[in-house]
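Student:
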Amino acid sequence: MMDFVALFPPELTEEVFSYLPVRDLIVCGTVCMSWRVAANNSRLWKKLEKNFESWLLPDSRVKRCDVITRNFKDNSHSLEALIPKDDLSFNWLKVFVCQRNFLKHNWSHCIFTDNWLQVRGCIEYVNCGLFYPSKSPHDCLYFPFLGKFKDGSHALMLMRLDAKPKIVAKLFTTNDRPNVQTICVMRDCVVWLNGDDVKYFSLTIEFDKSEVRTLGNLDFKSCAKFLSMDSNNIVAGSLSINVWSKTTLALKCVINPQSECFFSACCWLYDGCLIQGLRTNNGYSSIIKIYNIKDHPTLQNEFVVDGAINSIECNKRMIFLHYFDLRQAVNCIEVHDKETFSTKCYRRSRLAIEYYLTHEASNDYISFGNFNAHKIEVCHFSSNVEEYELTEFNGEPHFVFDSIALVYGRRSLEVWDWKRKNKLYNLCNADIPGSYIVHVSEARVVVVDLNCNFQIYSFC
1273 MMDFVALFPP ELTEEVFSYL PVRDLIVCGT VCMSWRVAAN NSRLWKKLEK
1323 NFESWLLPDS RVKRCDVITR NFKDNSHSLE ALIPKDDLSF NWLKVFVCQR
1373 NFLKHNWSHC IFTDNWLQVR GCIEYVNCGL FYPSKSPHDC LYFPFLGKFK
1423 DGSHALMLMR LDAKPKIVAK LFTTNDRPNV QTICVMRDCV VWLNGDDVKY
1473 FSLTIEFDKS EVRTLGNLDF KSCAKFLSMD SNNIVAGSLS INVWSKTTLA
1523 LKCVINPQSE CFFSACCWLY DGCLIQGLRT NNGYSSIIKI YNIKDHPTLQ
1573 NEFVVDGAIN SIECNKRMIF LHYFDLRQAV NCIEVHDKET FSTKCYRRSR
1623 LAIEYYLTHE ASNDYISFGN FNAHKIEVCH FSSNVEEYEL TEFNGEPHFV
1673 FDSIALVYGR RSLEVWDWKR KNKLYNLCNA DIPGSYIVHV SEARVVVVDL
1723 NCNFQIYSFC
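Under our numbering, think of the first position of the sequence shown as 1273, with each following residue one higher.
1) Please classify Asp1411: is it buried, with 16 or more other beta-carbons within 10 angstroms of its beta-carbon, or exposed?
2) Any chance the segment 1500-1518 sits against the segment 1533-1543, with 3 or more Cβ pairs inside 8 Å?
3) Around the C-beta of Lys1610, are 16 or more other C-beta atoms found within 10 angstroms, so that it is buried, or is it exposed?
4) In or out: Ser1494 buried (at least 16 other Cβ within 10 Å) or exposed?
5) One question on the structure: do Met1458 and Lys1442 come within less than 8 Å of each other, judged by their Cβ atoms?
6) For Glu1658, report the span of its beta strand (DSSP E) as first-last.
7) Let me confirm a value: Met1431 is counted as buried when at least 16 other C-beta atoms fall within 10 Å, else exposed. Which label applies?
8) What is the rounded straight-line gap between the Cα of Arg1599 and the Cα of Gly1579?
9) In whole angstroms, give me the CA-to-CA distance for Ala1677 and Gln1727.
10) So, for Asn1564: in the same chain, excluding its five sequence neighbours on each side, which residues have a beta-carbon less than 7 Å away from its beta-carbon?
11) Exposed or buried, which one is Ile1562 when buried takes at least 16 other CB atoms within 10 Å?
12) Take Asn1698 as the anchor and find which of Glu1686, Ser1614, Trp1388, Glu1286 has the nearest alpha-carbon.
13) Whole angstroms are fine: how far does the CA of Arg1619 sit from the CA of Val1303?
14) In terms of residue numbering, what span does the alpha helix (DSSP H) encompassing Ser1306 cover?
15) Got a sec, what are the start and stop residues for the beta strand (DSSP E) Gln1314 sits in?
16) On the three-state DSSP scale, how would you describe Pro1416?
17) Name the DSSP bridge partner or partners of Glu1283?
18) Please give the ranges of any beta strand (DSSP E) in the segment 1436-1511, keeping only runs that are unbroken, at least 3 residues long and fully inside the region.
19) Distance, Cα to Cα, Gly1509 vs Trp1307?
20) I need the boundaries of the beta strand (DSSP E) containing Leu1550, first residue and last residue.
21) Buried or exposed: where does Arg1551 fall if 16 or more other Cβ atoms within 10 Å of its Cβ makes it buried?
22) Once you ignore the five residues that flank Ile1455 on each side, which residues in its own chain have a CB closer than 6 Å to its CB?
23) If you run the structure through DSSP and keep just helix, strand and coil, what is Phe1384?
24) Of all the options Ser1558, Asn1725, Trp1688, which has the alpha carbon lying nearest to the alpha carbon of Leu1582?
25) Given a cut-off of 8 Å on the beta-carbon distance, is the pair Ser1314 and Asn1363 in contact?
26) Helix, strand or coil: which one does DSSP assign to Leu1365?
27) In whole angstroms, what is the alpha-carbon distance linking Val1607 and Ile1648?
28) Identify the residues that DSSP records as bridge partners of Trp1540: which are they?
29) For Met1501, count neighbouring Cβ atoms within 10 angstroms of its own Cβ and tell me buried if that reaches 16, exposed if not.
30) Considering Cα atoms alone, identify which of Ala1310, Pro1293, Ala1435, Leu1475 is closest to Glu1283.
31) Find out if the Cβ-Cβ distance for the pair Leu1433, Leu1418 is shorter than 8 Å.
32) On the DSSP bridge assignment, give the partners of Gln1727 in chain order.
33) Do Ile1547 and Ile1513 have their CB atoms nearer than 8 Å?
34) Roughly how far, in whole angstroms, is the beta-carbon of Tyr1708 from the beta-carbon of Val1720, given that I think they are within contact range, below 8 Å?
35) Under a three-way DSSP split, which group does His1238 fall into?
36) How long is the line joining the alpha carbons of Arg1485 and Ser1380, rounded to whole angstroms?
See below:
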C-alpha cells in the first residue's frame, strides 16, 4: 500500500486531511511518526476553532488542561493520558477537542466515579450564588462554598475537585453571618462580593503564599448585582461597572450611565465584550449597550428594546435578551447577531416564561428551553423551528453537551438525551431528600445536602 503522506508534498497532504472528520484525523495521528506530524498540523485544527470559544481554551501558561496549580498536581486524572508527552508537537486545540470527545463519551455511556466529602465541623451549607463563566474542565477545578460551623462561625472554604476531592484553603472566617452575595470562579482566581467589597484570591501560586485581597469598593448606586470575569478582566457593579485587569489587578475603568433616568441594570461579560442592559424609570424601554473592554474600553454599539430588560446572555456569535413589554403585557425573547446586530430569532408570549440557553449557539441555530411550557425549541435561523417536549422532566435540566441534560427525577439524578426523549441512566439511585445540585460542568457534578455533605461525580 502506498504511503501518500511520505510521497505527497505537505500542502497536498494537508488538503487531503482537511476533509476528514475530527475522529478520523485523530486516528491518522496514531499511524506513524510522519502521519502524526501531518495530522497534528495546527492549520488543520485551526479550521475547527470556529466551533469552540477560543478564550475558553487553555493558554500557554497552563501546562495541563485540567491541572491549574503546581502545588496540588494530580497525575492520576485520566484526561492526562490524552496529552502528548513531547511538547514539540503540542497542539492545544487538538487536546481540547480530544478532551471534549472523551468527556462526551463518558457522559453518554455512564462512565464516572463518585466520591463523598464531609467537611469536619460544618453543619450547614449556605447558598450564596456561585457562578462559573466557563464550564470547561480546566476552569472548574475549584469549588468555593460558604459553610456554617458548630461554634456558630461561618467560613468561605475552597475545595479542589481532584480524583479525591479535598479542602485546600479557608479564605476567611467570621463569627457573624457574612454578606457574601456572589462568588465567581474561572481558572486562575476566585472573586466574590462581601457586602460592597470585591475580594480576590489567586489560584496560580501556592496557597500558603496567597492572600485575600480587596480589589475595590462598590458604591450604593452599583447595588452589587453583577460579578464576572473572563481571561483578562474582572467586572463588578450594575448601573456603574468597575473593570479590573486580571494581570495587574489595577482598576482599568469605571463605566457610568450618562443619564439619571435609569433605575436598574443587568450585565453579561464574554471574552472582552461587556453587554449592559439599562432599564428606564418608566419601564417601557431599555437601552442595550455593548462595550469592548479588551484594551481601552470603548462603546461599540447601543440599541433600544421596547420593554423592561430582565436578563442578558451572549456567546461568541449571539446576544440573547429576555424582557417584558409593558404596553402589550407580553414576555419577549430576542436573539441578535453579535456583529450585525440583526434579529435572528424572536418570541412573544403572554404567559410567564423562563427561557434558558441549552448550549452554545452556532452560526445556523440556537436552542433554548421554556420550562414552564415543558419544551425546548431549536431555532434554525434560515428555516424551521424544532420543538422537543420535556413532559418527562420533573425539574429544570442542567445542560452539558449538545442534547445531554442532567435532571432531578423523583428519587434519583437522571441523565437524559432530550432530543430523543430517552433517559440514558440514573446517576444516583438513592433517595436524596434535602440535597440539591450546586455545580455542573463538562467534567463534574457536585451535590450537597443541608448538613454540608458533598457527593462529587467525576466523568474525567
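Backbone N, C-alpha and C define an ideal beta-carbon position, used for all residues, glycine too.
Fair warning: this is a prediction, and the values are worked out from it, not measured in the lab.
Tutor: The answer reads as follows:
1) buried
2) yes
3) buried
4) Its pLDDT being 47, under 50, Ser1494 is placed unreliably by the model, and nothing is read from it.
5) no
6) 1657-1661
7) buried
8) 8 Å
9) 19 Å
10) Gly1544, Cys1545, Thr1570, Gln1572
11) buried
12) Glu1686
13) 51 Å
14) 1305-1311
15) Going by the sequence as given, residue 1314 is Ser instead of Gln. Counting along the chain, Ser1314 falls outside any beta strand (DSSP E), though it belongs to the alpha helix (DSSP H) covering 1314-1318.
16) strand
17) None; Glu1283 has no bridge partner.
18) 1438-1446, 1452-1458, 1461-1466, 1469-1474, 1485-1489, 1498-1501, 1505-1509
19) 52 Å
20) 1545-1552
21) buried
22) Leu1402, Pro1416, Trp1464
23) coil
24) Note that residue 1582 is Asn in the sequence shown here, rather than Leu. Taking only the C-alpha atoms, the option nearest Asn1582 is Ser1558.
25) yes
26) helix
27) 15 Å
28) Ile1547
29) buried
30) Ala1310
31) no
32) Trp1388, Val1719
33) no
34) 7 Å
35) With the chain covering only 1273 through 1732, there is no way to say anything about residue 1238.
36) 42 Å
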